[in-house]
Amino acid sequence: MKIKSFALIAAVTAAGFLSAQSANAADEWGIEYEEKARVEAKVVDLLCEVTGDCVEQCGAGTRQLGLLLDDGTLVPAVKNFDPFAGTTDDLIQFCGKRIVADGLMIKDPLMPMFVVQFRRLAPDGEWGRANNFTKNWAKSNPDKPANQWFRHDAEVLRLVETQGVYGIPGLKAEE
Amino acid sequence: MAHRVNKNGMRFNPTQLRKLLGAGLLSLSLVLFATIQPTNAATAQRVQVTGEIIDTWCYVTEIMFSEGTAHHQCAVWCALGGIPVSILGKDGKVYMVLRVEGDDNSVANPTIVEIQSHEVTVDGDLYERDGVNYLIVNKVADDKGVINMTHEDYGIQPFGE
Ligand SMILES: [Cu+2]
Numbered sequence: 005m006k007i008k009s010f011a012l013i014a015a016v017t018a019a020g021f022l023s024a025q026s027a028n029a030a031d032e033w034g035i036e037y038e039e040k041a042r043v044e045a046k047v048v049d050l051l052c053e054v055t056g057d058c059v060e061q062c063g064a065g066t067r068q069l070g071l072l073l074d075d076g077t078l079v080p081a082v083k084n085f086d087p088f089a090g091t092t093d094d095l096i097q098f099c100g101k102r103i104v105a106d107g108l109m110i111k112d113p114l115m116p117m118f119v120v121q122f123r124r125l126a127p128d129g130e131w132g133r134a135n136n137f138t139k140n141w142a143k144s145n146p147d148k149p150a151n152q153w154f155r156h157d158a159e160v161l162r163l164v165e166t167q168g169v170y171g172i173p174g175l176k177a178e179e
Numbered sequence: 006m007a008h009r010v011n012k013n014g015m016r017f018n019p020t021q022l023r024k025l026l027g028a029g030l031l032s033l034s035l036v037l038f039a040t041i042q043p044t045n046a047a048t049a050q051r052v053q054v055t056g057e058i059i060d061t062w063c064y065v066t067e068i069m070f071s072e073g074t075a076h077h078q079c080a081v082w083c084a085l086g087g088i089p090v091s092i093l094g095k096d097g098k099v100y101m102v103l104r105v106e107g108d109d110n111s112v113a114n115p116t117i118v119e120i121q122s123h124e125v126t127v128d129g130d131l132y133e134r135d136g137v138n139y140l141i142v143n144k145v146a147d148d149k150g151v152i153n154m155t156h157e158d159y160g161i162q163p164f165g166e
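Chain order of the listed sequences is A and B.
The opening position of the first sequence corresponds to residue 5 in our numbering, with each subsequent residue numbered one higher.
The opening position of the second sequence corresponds to residue 6 in our numbering, with each subsequent residue numbered one higher.
Structure (structure tokens):
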């Protein structure tokens, strides 16, 4: 497997290095099949859209969300602008509404998906950086560094403590 | 090791198909495909999938090595960060999990995070739409735990600790 370190660095550190930029235009992350994209789409609950099993408010943050494009194409919104985080916190307020999503359309033949870097209510709402995961995490963890949330999150620490870093209890990392 | 490159070996693009089958046979095969593929995107197929629970983002983008023990911690981060969790099937396909045994929570679902990186066999309903395999897991029929020992070759992804 090729490991694309540029993309890794971009994906992991983007929030830290680039959040000072004010332009509401997507950054390239160097991922295969990525295309910078600004799309107008309806925010949908994937389970509802795909299977017809629908609940109030797209599950109010408990369900994965997607973008339903005008041509009927559904693309899952899997990644936001934070390190190791998804888009639910950034999109849930727009459930059932049309937004303009700015980010990366990744047309990987294995699985197409969208990275949301900015979004606003269509057609001309106020742009917002898609980094609500760390914003929300910071509110719950005011004395910890949100850009390193994955090193300080209580549930991460509990799982690594009980399962080990490799997921096998008792199997420890060599020093 | 079952990497995503396997998937390429399993697929034929139309040009390859034409070469393989000849033009006449191609149209016949398209008719056959049409009859066995669900015409309605919302039609589910009953499936049994065996594979490893993975983080969708790291695996599909290949930004790091993202299978087994080496990637377990990062896969936990991504799952708790709310990125969709998938099963990497033995067939090389990625199946995004939208429900597990009646539980609709697909955002940092504690039950799924707890079995991250495990090799499982699940019975489910598969919905294919616009190139994505969405999986409703009705039953986790088998769970072998974490058995893909990749850390000896790949360390701890992505930071080494
Ligand atoms: Cu990863």
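Yeah, the Cβ is synthetic: ideal placement off N, Cα and C, and Gly gets one too.
This one's a predicted model, so the numbers in the text were calculated from it and none came from an experiment.
Of the residues I117(B), T155(B), I141(B) and V125(B), the one whose Cα lies closest to the Cα of D57(A) is I141(B).
Those residues of the region 130–161 of chain A placed with their C-beta closer than 7 Å to a C-beta in chain B are F137, F154, D157, E159 and V160, ordered along the chain. Excluding residues up to 5 positions away in sequence, V47, Q61 and C62 lie with their Cβ nearer than 6 Å to the Cβ of C99(A) in the same chain.
Contact residues of the region 75–101 of chain A toward chain B are G76, T77, L78, V79, P80, V82, K83, N84, D86, P87, F88, A89, G90, T91, T92 and D93 (C-beta to C-beta distance below 9 Å). The alpha-carbon of V82(A) is positioned some 31 Å away from that of K176(A). Beta-bridge partners assigned by DSSP to A105(A): V43(A) and R123(A). If you check the CB distance, S91(B) and V99(B) come in under 8 Å. Looking at the DSSP output, S91(B) bridges to I59(B) and M101(B). The distance from the Cβ of I161(B) to that of Q78(B) is about 6 Å, consistent with a contact at the 8 Å cut-off.
For L163(A), the enclosing alpha helix (DSSP H) starts and ends at A158 to Q167. Taking the Cα positions, H123(B) is about 9 Å away from T74(B). Not one heavy atom of ligand 1 sits closer than 7 Å to the Cβ of M109(A). F118(A) is bridged by DSSP to A81(A) and M109(A).
Under DSSP, L175(A) forms no beta bridge with any residue.
Of all residues in the region 107–118 of chain A, only I110, K111, D112, P113, L114, M115, P116 and M117 place a beta-carbon less than 9 Å from a beta-carbon of chain B. Contact annotation, I96(A) with G65(A): C-beta distance approximately 5 Å; criterion of less than 8 Å satisfied. At a cut-off of 8 Å, the C-beta of I161(B) has a neighbouring C-beta in chain A. When the five nearest sequence neighbours on each side are left out, the beta carbons in the same chain lying within less than 6 Å of the beta carbon of K144(B) are those of D128, in order along the chain.
The region 74–81 of chain A makes contact with the region 102–118 of chain A, as at least three CB pairs between them are under 8 Å.
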